[in-house]
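This report refers to the structure that appears directly beneath it.
There are 2 protein chains.
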Amino acid sequence: MHPNSFQQIKTRPNGSRSGILNTRRGALKTPFFMPVATRGAVKGLTPAEVRATGAQVLLANTYHLHIQPGEKLVKKLGGLHQFSGWDGPILTDSGGFQVFSLAKVRKITEEGVLFKNLLSGNEVLISPEKSMQIQFNLDSDIIMAFDDLTGLDPEARSRTTEAVERTHRWLVRCVAEYKKLTKNLKETEQPLLFGIIQGGLDKKLRAESLEFVQSQSVDGIAIGGLAVGEGRSEMYDMLKFLSLRYDPSRIRYLMGVGEPVDMRLAIENGIDMFDCVLPTRNGRHGSVWITGDKRLDLNNLKFAKDPSPIDKTCDCNTCKTGYSRAFLRHLFKVADPLAGRLTSVHNLRYLNRLCEQYQNKIGG
Amino acid sequence: MHPNSFQQIKTRPNGSRSGILNTRRGALKTPFFMPVATRGAVKGLTPAEVRATGAQVLLANTYHLHIQPGEKLVKKLGGLHQFSGWDGPILTDSGGFQVFSLAKVRKITEEGVLFKNLLSGNEVLISPEKSMQIQFNLDSDIIMAFDDLTGLDPEARSRTTEAVERTHRWLVRCVAEYKKLTKNLKETEQPLLFGIIQGGLDKKLRAESLEFVQSQSVDGIAIGGLAVGEGRSEMYDMLKFLSLRYDPSRIRYLMGVGEPVDMRLAIENGIDMFDCVLPTRNGRHGSVWITGDKRLDLNNLKFAKDPSPIDKTCDCNTCKTGYSRAFLRHLFKVADPLAGRLTSVHNLRYLNRLCEQYQNKIGG
Chain A
293 MHPNSFQQIK TRPNGSRSGI LNTRRGALKT PFFMPVATRG AVKGLTPAEV
343 RATGAQVLLA NTYHLHIQPG EKLVKKLGGL HQFSGWDGPI LTDSGGFQVF
393 SLAKVRKITE EGVLFKNLLS GNEVLISPEK SMQIQFNLDS DIIMAFDDLT
443 GLDPEARSRT TEAVERTHRW LVRCVAEYKK LTKNLKETEQ PLLFGIIQGG
493 LDKKLRAESL EFVQSQSVDG IAIGGLAVGE GRSEMYDMLK FLSLRYDPSR
543 IRYLMGVGEP VDMRLAIENG IDMFDCVLPT RNGRHGSVWI TGDKRLDLNN
593 LKFAKDPSPI DKTCDCNTCK TGYSRAFLRH LFKVADPLAG RLTSVHNLRY
643 LNRLCEQYQN KIGG
Chain B
293 MHPNSFQQIK TRPNGSRSGI LNTRRGALKT PFFMPVATRG AVKGLTPAEV
343 RATGAQVLLA NTYHLHIQPG EKLVKKLGGL HQFSGWDGPI LTDSGGFQVF
393 SLAKVRKITE EGVLFKNLLS GNEVLISPEK SMQIQFNLDS DIIMAFDDLT
443 GLDPEARSRT TEAVERTHRW LVRCVAEYKK LTKNLKETEQ PLLFGIIQGG
493 LDKKLRAESL EFVQSQSVDG IAIGGLAVGE GRSEMYDMLK FLSLRYDPSR
543 IRYLMGVGEP VDMRLAIENG IDMFDCVLPT RNGRHGSVWI TGDKRLDLNN
593 LKFAKDPSPI DKTCDCNTCK TGYSRAFLRH LFKVADPLAG RLTSVHNLRY
643 LNRLCEQYQN KIGG
């Protein structure tokens, strides 16, 4: 744990706070949103374009990069920053979520998760130690602990307690492995390590999980297992419940949330950071946010003759350059990949601007 | 015809020449290559990126834009430049080639070509007059005459003479329609009109066709019906044959050629302009040119660990930014559209630089 990794600068009556997260690759203003660069790139975009949306830090996926091109190759080529051309900080997830959602899981044991690599056909074990090693080889600046996930289906709920307890035991192993991997690095050269709390929609379990994770030597507290299909009000209720129990000296990360209305509510319940595929994936399908957190579907025929930009008040490069809704609709109609680029830029700017409003608000 | 549309500045012992093509949207240095923006955009690229490769002028496809979004919509939205964001000159093809290669042709008559619009199911007639009107509505700066095409298969060859004669009759109708459409425009506001010579691999027919087209009121001479599957030596032989017969005061355009070795030979046989989908289509499939007109396939496993750029001596934005062959191979492997963008930029720069070497050569 790095005592000065997070500096809280201000809290406001609405419950939001702003501050600075110090990483070895620079300081990040909070709250912030992380675009998802699953395989090292935000799909279709150059690092310079992503930077121009106001993004300060990217999230890359450990599972995907482990499968292709492999973390050893990335390390050999100078690490993920050198490989991808993004020179700002990078957070890597632990690989756990993708193993559960994408791979054919063979067995979950105390040791770790055994799954089948669908590309090579090989069986692969990811353990807490292995996850730390992969993220370290990728040269991640913010490393996530490897957790045991549960969904919300009845069978999954029945093992919530077991999963929380295993997540805690795995966190202890992650911290130990992290210390081993970083012992020869000066403190200013070490990546940060974040723990993840679980517990589904069970408040007692969540409170215990938060308390346990905050007792460990971790730089940040991530909330896993929300935004996985529960109702919005259930998520809000849990965020309010947790907001009273955080250690103020640590940064809080709500994983997988990127709907503007959810982000606002989360920020006003003390959340500092987010990641989500929503702005880029929705963008590539023609869905864009406009002022008021509303969505437009640019595939709609009513935009065919519309000469206005996506949003007249928007300061993203797509709107400022003057691309019309009519031209964007045409590009979607003919499946030109330029369409998804231009809307991804717009949507990322939308979320980064949302965060900037909380960073910059005077007084409050 | 605009007597000063082309100014020849220099001819060289190697047979090449350099000059200036004056269009209503600016002067273009010759020789030049036109990237293909089939539906208004060079696939995946912004106008600014295309411009940064050294491109001076784009080619857009009349057939595709007629089908979607329709030239009337484009006109309503201010023309193709305003619609697409490309503010330099645009050449439009006549639609003839695409009608033959993409649509279900119902009937070719003296009136024009009747085909089925596969999108709407409607039957559509494109006549010489209609082609002029569509290109005029798109606000094209260089309008191509509508020609009757033949391929090189035996059946097609048997109607070569008929097709050449019809092409000539249609050219007369194109010139008449063009005059009608432009009669209220000042000369400096008029688009240019190019005629197309046909004749397959028959030298006598080609000579007649060239003579006929040069007798008409057209600003440029386009060579159609080459690079359609004949052997390279047959194309070279025809280009040499034609090189002795051109009117030096008019620009010459070899349609559909974009292989560097072919472009060099064509330029050294008096050709001034080119278009081709090769740099962008090949690029999207991972094929890139490097010094010496050689090709690399970036999908190849041997590039997986290669930290060098595509070409160390290249001044394109992809190579200058430092994207490695290893990262590009990875992007192709995971089907990220960024891959095709970066290689399209490289390949376009390759061809534009090739042309610039002929534009700038001192002495010679």
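Protein chains in written order, with our numbering: chain A, 293 to 656; chain B, 293 to 656. Virtual Cβ for every residue (Gly too), placed ideally from N, Cα, C.
Here E526 of chain B is exposed: its Cβ has fewer than 16 other Cβ atoms, across all protein chains shown, within 10 Å.
A Cβ-Cβ contact shorter than 8 Å links V510 of chain B with M293 of chain B. For V626 of chain A, at least one C-beta of chain B is nearer than 8 Å to its own C-beta.
If the five residues before and after S616 of chain B are omitted, its C-beta is found closer than 7 Å to the C-beta atoms of D598, P599, S600 and P601, all from its own chain and listed in chain order. In the DSSP assignment, I559 of chain A falls within the alpha helix (DSSP H) that extends over P552 to I559.
Taking a Cβ-Cβ threshold of 8 Å, the residues of chain A close to Q360 of chain B are H622, K625 and V626, in chain order. Restricting attention to B:G521, B:V520 and B:Q506, the CA atom closest to the CA of A514 of chain B is found in B:Q506. Using a Cβ-Cβ cut-off of 8 Å, K597 of chain A is close to L365, K368 and L369 of chain B, given in chain order. Assigned with DSSP and collapsed to three states, W462 of chain A falls in helix. DSSP lists A:T384 and A:L485 as the beta-bridge partner residues of I435 of chain A.
By alpha-carbon distance to D385 of chain B, the top candidate from B:L493, B:R304, B:R645 and B:A329 is B:A329. Straight-line measurement puts the Cα of L320 of chain B at about 57 Å from the Cα of Q299 of chain A. Distance from the CA atom of L502 of chain A to the CA atom of I488 of chain A, rounded to whole angstroms, is 8 Å.
In the three-state scheme derived from DSSP, where H, G and I count as helix and E and B as strand, Y545 of chain B is classed as strand. For K586 of chain A, the secondary structure class from DSSP, reduced to helix, strand or coil, is strand. For P327 of chain A, there are no neighbours in chain B by C-beta distance under 7 Å, as the nearest C-beta there is about 13 Å away. Non-local beta-carbon contacts of I582 of chain B in its own chain, meaning distances under 7 Å to residues more than five positions away in sequence, involve L588, I602 and D603 in chain order. With respect to G404 of chain A, I426 of chain A sits apart: the two C-beta atoms are not nearer than 8 Å. Exclusion of the five residues before and after Y470 of chain B leaves M424, I435 and L485 as the residues of its chain whose Cβ lies within less than 7 Å of its Cβ. For the C-beta of S423 of chain A, not a single chain B residue is nearer than 9 Å; the gap to the nearest is close to 21 Å. With fewer than 16 neighbouring CB atoms inside 10 Å of its own CB, P446 of chain A falls in the exposed class.
Counting C-beta pairs closer than 8 Å gives fewer than three between the region 351-369 of chain A and the region 456-471 of chain A, which falls short of the contact rule. In this structure, the CA atom of E500 of chain A is about 29 Å from the CA atom of L394 of chain A. Secondary structure note for F533 of chain A: it is in no beta strand (DSSP E), and the uninterrupted alpha helix (DSSP H) holding it is R524 to S535.
Under the three-state reduction of DSSP output, M293 of chain A falls in the coil class, being neither helix nor strand. Non-local C-beta neighbours of R498 of chain A in its own chain, meaning closer than 6 Å and more than five positions away in sequence, comprise G491, ordered along the chain. By the Cβ-count criterion, A333 of chain B is buried, with 16 or more other Cβ atoms from all chains shown falling within 10 Å of its own Cβ. At a cut-off of 8 Å, the C-beta of R343 of chain B has no neighbouring C-beta in chain A. Chain B has a Cβ within less than 8 Å of the Cβ of T338 of chain A.
Counting only the Cα atoms, L620 of chain A lies some 25 Å from N609 of chain B. Residue contact check for F298 of chain B against chain A: no CB pair falls below 8 Å.
At a C-beta separation below 8 Å, R544 of chain B has no neighbours in chain A, since its nearest C-beta there lies roughly 31 Å away. Membership of K321 of chain B in the beta strand (DSSP E) is indicated by the continuous run G318 to T322.
Taking a Cβ-Cβ cut-off of 7 Å, the neighbours of T613 of chain B in chain A comprise G377, given in sequence order. If you draw a straight line from the Cα of A340 of chain B to the Cα of F533 of chain B, it comes to about 39 Å.
Take A618 of chain B, set aside five residues on each side of it, and the residues of its chain with a beta-carbon closer than 8 Å to its own are F595, A596, K597, D598 and P599, in chain order.
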